[in-house]
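Q: Before we start, here is the structure in question, set down as structure tokens.
There are 2 protein chains.
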Amino acid sequence: MRGIEPRESAIEEAVSYARELESRLEPLDRLDPGDPFVYVSVGGGELGDLVLTAAKRSLGGRSAGIVTAAIDRYQGFPAQDSADLSAVVDMRDGDALESAISGFVRDPRSVRHAVFLEVEAVDTARVFEMATRRGYNVVSTPYGPLVGMDRLASKLLIERLGVPAVEWRYAGSLEELRAAAGELGFPIIVKPVMTSSGHGTSIVEGEGGLDAAYEHAMRHARGRGDEVIVERYLPELRTEGVELTQLVLRHFDEDGRIRTTVLAVGHSRPGAVYVESWFPSGVPAELEREGAEHAAKVANALGGLGLYAVEQFVVGGRVYTSEFANRPHDTGMVTRWALAEDEGSLHLKATMGLVVPAPRAAHPGSFCAARVVLAPDDVAPGAPVTSWSPNAAYSLIRRRGWMGDVWFFGKPTAYPGRRMGLAAACSRSLRAARARAASIASAAEGSISYGALHGEN
Amino acid sequence: MRGIEPRESAIEEAVSYARELESRLEPLDRLDPGDPFVYVSVGGGELGDLVLTAAKRSLGGRSAGIVTAAIDRYQGFPAQDSADLSAVVDMRDGDALESAISGFVRDPRSVRHAVFLEVEAVDTARVFEMATRRGYNVVSTPYGPLVGMDRLASKLLIERLGVPAVEWRYAGSLEELRAAAGELGFPIIVKPVMTSSGHGTSIVEGEGGLDAAYEHAMRHARGRGDEVIVERYLPELRTEGVELTQLVLRHFDEDGRIRTTVLAVGHSRPGAVYVESWFPSGVPAELEREGAEHAAKVANALGGLGLYAVEQFVVGGRVYTSEFANRPHDTGMVTRWALAEDEGSLHLKATMGLVVPAPRAAHPGSFCAARVVLAPDDVAPGAPVTSWSPNAAYSLIRRRGWMGDVWFFGKPTAYPGRRMGLAAACSRSLRAARARAASIASAAEGSISYGALHGEN
Numbered sequence: 000m001r002g003i004e005p006r007e008s009a010i011e012e013a014v015s016y017a018r019e020l021e022s023r024l025e026p027l028d029r030l031d032p033g034d035p036f037v038y039v040s041v042g043g044g045e046l047g048d049l050v051l052t053a054a055k056r057s058l059g060g061r062s063a064g065i066v067t068a069a070i071d072r073y074q075g076f077p078a079q080d081s082a083d084l085s086a087v088v089d090m091r092d093g094d095a096l097e098s099a100i101s102g103f104v105r106d107p108r109s110v111r112h113a114v115f116l117e118v119e120a121v122d123t124a125r126v127f128e129m130a131t132r133r134g135y136n137v138v139s140t141p142y143g144p145l146v147g148m149d150r151l152a153s154k155l156l157i158e159r160l161g162v163p164a165v166e167w168r169y170a171g172s173l174e175e176l177r178a179a180a181g182e183l184g185f186p187i188i189v190k191p192v193m194t195s196s197g198h199g200t201s202i203v204e205g206e207g208g209l210d211a212a213y214e215h216a217m218r219h220a221r222g223r224g225d226e227v228i229v230e231r232y233l234p235e236l237r238t239e240g241v242e243l244t245q246l247v248l249r250h251f252d253e254d255g256r257i258r259t260t261v262l263a264v265g266h267s268r269p270g271a272v273y274v275e276s277w278f279p280s281g282v283p284a285e286l287e288r289e290g291a292e293h294a295a296k297v298a299n300a301l302g303g304l305g306l307y308a309v310e311q312f313v314v315g316g317r318v319y320t321s322e323f324a325n326r327p328h329d330t331g332m333v334t335r336w337a338l339a340e341d342e343g344s345l346h347l348k349a350t351m352g353l354v355v356p357a358p359r360a361a362h363p364g365s366f367c368a369a370r371v372v373l374a375p376d377d378v379a380p381g382a383p384v385t386s387w388s389p390n391a392a393y394s395l396i397r398r399r400g401w402m403g404d405v406w407f408f409g410k411p412t413a414y415p416g417r418r419m420g421l422a423a424a425c426s427r428s429l430r431a432a433r434a435r436a437a438s439i440a441s442a443a444e445g446s447i448s449y450g451a452l453h454g455e456n
Numbered sequence: 000m001r002g003i004e005p006r007e008s009a010i011e012e013a014v015s016y017a018r019e020l021e022s023r024l025e026p027l028d029r030l031d032p033g034d035p036f037v038y039v040s041v042g043g044g045e046l047g048d049l050v051l052t053a054a055k056r057s058l059g060g061r062s063a064g065i066v067t068a069a070i071d072r073y074q075g076f077p078a079q080d081s082a083d084l085s086a087v088v089d090m091r092d093g094d095a096l097e098s099a100i101s102g103f104v105r106d107p108r109s110v111r112h113a114v115f116l117e118v119e120a121v122d123t124a125r126v127f128e129m130a131t132r133r134g135y136n137v138v139s140t141p142y143g144p145l146v147g148m149d150r151l152a153s154k155l156l157i158e159r160l161g162v163p164a165v166e167w168r169y170a171g172s173l174e175e176l177r178a179a180a181g182e183l184g185f186p187i188i189v190k191p192v193m194t195s196s197g198h199g200t201s202i203v204e205g206e207g208g209l210d211a212a213y214e215h216a217m218r219h220a221r222g223r224g225d226e227v228i229v230e231r232y233l234p235e236l237r238t239e240g241v242e243l244t245q246l247v248l249r250h251f252d253e254d255g256r257i258r259t260t261v262l263a264v265g266h267s268r269p270g271a272v273y274v275e276s277w278f279p280s281g282v283p284a285e286l287e288r289e290g291a292e293h294a295a296k297v298a299n300a301l302g303g304l305g306l307y308a309v310e311q312f313v314v315g316g317r318v319y320t321s322e323f324a325n326r327p328h329d330t331g332m333v334t335r336w337a338l339a340e341d342e343g344s345l346h347l348k349a350t351m352g353l354v355v356p357a358p359r360a361a362h363p364g365s366f367c368a369a370r371v372v373l374a375p376d377d378v379a380p381g382a383p384v385t386s387w388s389p390n391a392a393y394s395l396i397r398r399r400g401w402m403g404d405v406w407f408f409g410k411p412t413a414y415p416g417r418r419m420g421l422a423a424a425c426s427r428s429l430r431a432a433r434a435r436a437a438s439i440a441s442a443a444e445g446s447i448s449y450g451a452l453h454g455e456n
């Protein structure tokens, strides 16, 4: 798929597929231990772990009629020890991936199941084919992950729905990038059409930066690297803007109808990758509501059941929608503390066809903030975690009397800046919650030792 | 062990063991994926599940340096699919039990580990021997479970500490029971010295009921059945009394000292088994505090790290302490909703030597109530769960707009009155929370089908 037209056709198909799918969807009538529902997470990082853990923590797990399975590319991935079944394969290798999934769900047309893509580093074309030709239930719909991981398709969908977005252009070559920059005027943001977690993104201040930005995008792109999206950059975003992730959950209600529930998470990423997020968002209620409506339009167009994480930013009293993912989101992990039920559990239940009661704040009147616990920049790529000390963070929290916590993901190895865990704090003041979460993250970071650096193991 | 004197000696030993143990205890300095901490739950029901799940949910699990292992007597027990390792053995068979534990912890003197007894249906004498002779770290101390499961030893300890208790007698025969009843006057409660979950307990209104009560106690006793405890029954308990479980957590603080943190859960058990509990307790603060002091005395005497669940009741403005268990408690499961961190996680962290930040209410200003989801009285013993529908409870919660939830334990089979799950609701009104939890439990109960009754499987 290259350029605008094939994406417009794909969106057309996606939208009509959604309507057809939803005419067939029904709430899950029952779980049956003798004929279990099989829930597959393609990708078993912290998000997959959150989803699969909920199957055991709330629904009773295997003995109660839900078998969980997780796939990732390395041994010891976070969800591996939470899942009943696991496989270690290169998920970009379609044959290996299909073989792993079909090992868990032998007959997709008779076994109740769901396949959820936790990451974008997957042969999504093959997963799409498994869904549309062989009957696998890829959630929210086979098109959801495909459109969400493609920035051009996402932008076209957002535009089609009349949802406000910052001005953008598509460029399929360096020349087209120059032309686009000429039309938009500097500064601009250049992003590969396909990546995840913001890799390959540059802010370009003038003509001279275009070559490097294009090369950077190509180097970090997933799949075809020569296509980029160019966006007008609003400098006010850095000074007065707020970024939002609208967690849009499509789920059954008590009358068997599909409902859309939206929760707004605030976040800040000084670079392009996730650093911290908080709930509630702190954005004025009217803007938050406006953003929720825009986000719901996007999710409803693609349809099906489960979470869509729609990225927005608020600047100068306006809400701009930029992109989305069809899955729980990094920034949404703050729900593990901020809500009575986290985004992983919500996604699990919704995608299984369960009725989802209205989500509730766990600390009404307080803000909860989460902050990443990172491996240091000078860690050797692939260095094993040789030891860590939970007491470093716990002692800090206790000494200060904070409402705080840390979640260690359990990744066996690191690379520079790898996300190893998440720190959280709740307070009536958003500023205090963010500062505390940052301090706890820092204490946790300092407590982790890595093998190749320290040579202790 | 029979009669009062050997128990008094055991208590003496327990108390001096605790002081010696605590002089050696240190906070856990670090977790090491290459040389993991092994955490063993002897008994893998819902309480064991809560404890072991926390190892993965917060601390990263196996890849982060904690291997979890669970033992129970049947395949498909709730903690089995949460644990990294499991064994199915008759836990009252000392050889089988020791073989299972030593399979998980091969060298107790060099591997950091903890062994926690989730139930009383265990060869505790053997576990005690493993601790005192072979170096296994049985938490809170090897004496904790032993004293807690023995009502006579518990009563003697409570008495020794000067903690107020209702008047009681020990009886080693039907004749002694008659004599004790004569001294106390009717009504009385007759309980076997050793059982769990209140089995074998009778309220006796007059002379004529003594034979049946003694026989009932013997039939349900664990170990020697001829010893009973006789308590004066306070009829006001039923009309105006409140029962409390004081969850007493002994854990390290940020300065490396052992602290005692106490949380009071209210509960009501019309019979002798757990039906419902709530947090906060609703008991006047001064009485709650007085009860907390009494409970802490008991826990501190036995010492070590981890939870002691101390049972009390409040009647006529006085707090009476009746018994305790050295583990998370049925009634404490409400903490899964009422606190930011549940009793299983608190027990795990404390017993591992981690610093435990102050527990926090998850819904300040509200009461959370939990209510058991039971198998019906007419279910065939051993009947498999053939199906269940989470949507029954979820639809009710959603329709009513309640803050509610249900936790299905995932037990593969049932017997009459078996606890299959727990329903919860939170509200500003304790009465409303209790009523809602009961309605949700009832919806969940109605959604479970059992094989031998319905013949569907």
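Listed in order, the protein sequences are those of chains S and E. For the record, in the first sequence the residue sitting at position 268 is 267 according to numbering that gives the first Met the number 0, with numbers rising by one throughout. For the record, in the second sequence the residue sitting at position 261 is 260 according to numbering that gives the first Met the number 0, with numbers rising by one throughout. In this text, a Cβ means the ideal position worked out from N, Cα and C, and glycines have one as well. Note that the coordinates shown come from a computational prediction; the quantities given were computed from them, not determined experimentally.
Quick one: complete beta strand (DSSP E) runs, 3+ long, within the stretch 145-213 of chain E?
A: 167-170, 187-191 and 201-203
Q: Kindly indicate if chain S contains any beta-carbon less than 8 Å away from that of E:M402.
A: yes
Q: Based on DSSP bridge pairs, tell me the residues matched to S:D71.
A: S:V87
Q: Residues of chain E with CB closer than 7 Å to the CB of S:E253, please, in chain order.
A: S394, R397 and R398
Q: Hey, is E:R249's beta-carbon within less than 8 Å of any beta-carbon in chain S?
A: Chain S, which has no Cβ nearer than 8 Å to the Cβ of E:R249, makes this no.
Q: Should E:A392 and E:Y449 be called a contact, given that it needs their Cβ atoms to be closer than 8 Å?
A: For E:A392 and E:Y449, no; Cβs fall outside 8 Å.
Q: Hey, would you say E:G302 sits closer than 8 Å to E:P26, going by beta carbons?
A: no
Q: Over the uninterrupted beta strand (DSSP E) stretch that includes S:I447, give me the two end residues.
A: Premise fails: S:I447 is in no beta strand (DSSP E) and is neither H nor E.
Q: Straight-line CA distance for E:I70 to E:P411?
A: Distance between the alpha carbons of E:I70 and E:P411: 16 Å.
Q: Run through chain S and tell me which residues come within less than 9 Å of E:A413, C-beta to C-beta.
A: Residues of chain S passing the Cβ test: none, with the nearest at roughly 12 Å.
Q: Going by C-alpha distance, which of S:L183, S:E174, S:V229 and S:A436 is nearest S:T200?
A: S:V229
Q: Between E:Q420 and the rest of its own chain, which residues show a CB-CB distance below 7 Å, the 5 nearest in sequence each way excluded?
A: In the sequence as presented, Gln is not what sits at residue 420 of chain E; that position holds Gly. Counting only Cβ-Cβ distances below 7 Å, and skipping sequence neighbours, we find V372, V405, W406, F407, F408 and A443.
Q: What would DSSP say about E:G2, mapped onto helix, strand or coil?
A: coil
Q: Taking Cβ positions, are E:A295 and E:V247 nearer each other than 8 Å?
A: yes
Q: Around the C-beta of S:P269, are 16 or more other C-beta atoms found within 10 angstroms, so that it is buried, or is it exposed?
A: exposed
Q: Would you list, in sequence order, the uninterrupted beta strand (DSSP E) runs of no fewer than 3 residues that lie entirely inside the stretch 290-369 of chain E?
A: 305-314 and 317-324
Q: Under the rule that 16 or more other beta-carbon atoms within 10 Å means buried, what is E:I3, buried or exposed?
A: Classification of E:I3: exposed, given that the 10 Å Cβ count is below 16.
Q: How about S:F312: is its C-beta nearer than 8 Å to some C-beta of chain E?
A: no
Q: Can you look up E:L27 in the DSSP assignment and give me helix, strand or coil?
A: In this structure, E:L27 counts as coil in the three-state DSSP scheme.
Q: Run through DSSP, which three-state label would E:P383 get?
A: Strand, per DSSP.
Q: In the DSSP assignment, find the alpha helix (DSSP H) that holds E:A394 and state where it starts and stops.
A: Per the sequence shown, residue 394 of chain E should be read as Ser rather than Ala. That run of the alpha helix (DSSP H) goes P389 to R399.
Q: For S:Y38, does the three-state DSSP call read helix, strand or coil?
A: It is a strand residue.
Q: Which residue from E:V87, E:R125, E:S62 and E:L173 puts its Cα closest to that of E:Q74?
A: Closest by alpha carbon: E:V87.
Q: Quick check on DSSP: helix, strand or coil for S:T259?
A: In the structure shown, S:T259 sits in a strand (DSSP, three-state: E or B).
Q: Using a beta-carbon distance below 8 Å, is S:R61 in contact with chain E?
A: yes
Q: Just checking, does the stretch 201-212 of chain S make contact with the stretch 257-266 of chain S on the three C-beta pairs under 8 Å criterion?
A: no
Q: For E:M129, which beta-bridge partners are listed by DSSP?
A: Answer by DSSP bridge pairing: none, since E:M129 is not bridged.
Q: In chain E, which residues lie with their C-beta within 9 Å of the C-beta of S:K296?
A: Residues of chain E passing the Cβ test: none, with the nearest at roughly 24 Å.
Q: Tell me the residue span of the alpha helix (DSSP H) that contains S:D377.
A: Taken as a continuous stretch (DSSP letters only), S:D377 belongs to no alpha helix (DSSP H), as it is neither H nor E.
Q: So, with DSSP's three-state summary, where would you put S:L459?
A: Since the first residue shown for chain S is 0 and the last is 456, residue 459 of chain S is missing from the structure and cannot be characterised.
Q: Which residues in the same chain as E:V66 place their Cβ atom closer than 6 Å to its Cβ, once the five residues preceding and following it in sequence are excluded?
A: P35, V37 and D83
Q: Quick one: which chain S residues come within Cβ less than 7 Å of E:R29?
A: Per Cβ cutoff of 7 Å: S386, W387 and S388.
Q: Count the C-beta pairs between the stretch 422-434 of chain S and the stretch 362-377 of chain S that are closer than 8 Å, then say yes if the count reaches three, no if not.
A: Under the 8 Å Cβ criterion, the stretch 422-434 of chain S counts as touching the stretch 362-377 of chain S, having at least three qualifying pairs.
Q: Tell me, please, whether the CB atom of S:F407 is closer than 8 Å to any CB atom in chain E?
A: yes
Q: E:A374 touches chain S at which residues, Cβ-Cβ below 7 Å?
A: Chain S residues near E:A374: none, gap ~14 Å exceeds 7 Å.
Q: Just grab the DSSP bridge partners of S:V226 for me.
A: The amino acid at residue 226 of chain S is misidentified as Val; the sequence shows Glu. Its beta-bridge partners do not exist; DSSP assigns none.
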